[in-house]
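Taking it in order: structure first as structure tokens, then the write-up.
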Amino acid sequence: MKEKELRRSLAVLPIGTVMKLTNLTARQIRYYESQDLIKPERSDGNRRLYSLNDIDRLLEIKDYIDDGLNMAGIRKVFTQKQLEQEQFKERLNKSLTDDDVRKILHDELLRQSGFRQVKLLTNSQTPLQKPF
DNA sequence: CTTCTCACA
DNA sequence: TGTGAGGA
1 MKEKELRRSL
11 AVLPIGTVMK
21 LTNLTARQIR
31 YYESQDLIKP
41 ERSDGNRRLY
51 SLNDIDRLLE
61 IKDYIDDGLN
71 MAGIRKVFTQ
81 KQLEQEQFKE
91 RLNKSLTDDD
101 VRKILHDELL
111 RQSGFRQVKL
121 LTNSQTPLQK
131 PF
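For what it's worth, the UniProt record's numbering labels the leading residue of the first sequence as 1, then goes sequentially.
Here it is as structure tokens:
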């Protein structure tokens, strides 16, 4: 699932292709860049190269403009969304770590009690009956 | 031919 | 935001 993200981030599309894909003029696309709403690569002879993520971003920008937002407003939405996602990732990682700890603790507890049971059973020569 | 930057009778 | 000039 990381390979896919990598490909989506690969900047290989010239502005002409982006224009057709987004229905935006080169002027607009360049203008949004000047407003820090997108950051295309800038490979060879100073030509802009866009990734699929940039395409999605531009389409989003278009939607927000339809909703009456200006450049500053859109930038605010993006930075906000970015922070939210970072926080989400941190939460996810933290909760997973906590679960791991719980699982380890639980397994440890179960194992200790289990051994005791097995030991008692074998010593008392009673027919094997697994401790649940 | 495509894209880039700059500027506005 | 459009558009044209002058380069690459």
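Glycine included, each C-beta is placed from N, C-alpha and C at the ideal position.
>> So if DSSP puts Tyr50 in a beta bridge, which residue, or which two residues, is it bridged to?
In response: The residue labelled residue 50 in the question sits at position 50 within the first sequence. Paired residues: Leu13.
>> Are the CB atoms of Ala11 and Leu49 within a distance shorter than 7 Å?
In response: Translated into the one-based positions of the first sequence, residue 49 becomes position 49. Translated into the one-based positions of the first sequence, residue 11 becomes position 11. Yes. Within cutoff.
>> With a threshold of 7 Å on Cβ separation, who are the neighbours of Arg8 within its own chain once the five nearest residues in sequence on each side are excluded?
In response: Numbered from its first residue, the first sequence carries residue 8 at position 8. Spatial neighbours of Arg8 in its own chain (CB-CB distance under 7 Å, excluding positions within 5 residues in sequence) are listed in chain order as Ser51, Leu52, Asn53.
> Looking only at C-alpha atoms, which of Pro14, Arg27, Asp107 sits nearest to Gly45?
Replying inline: As a first step, residue 45 is located in the first sequence; it is residue number 45 there, counting from the start. From the listed residues Pro14, Arg27, Asp107, the smallest Cα separation to Gly45 is found for Pro14.
>> Going by beta-carbon coordinates alone, are Thr17 and Leu58 separated by less than 7 Å?
In response: For this step, residue 17 is matched to residue 17 along the first sequence. For this step, residue 58 is matched to residue 58 along the first sequence. Cβ atoms of Thr17 and Leu58: not closer than 7 Å.
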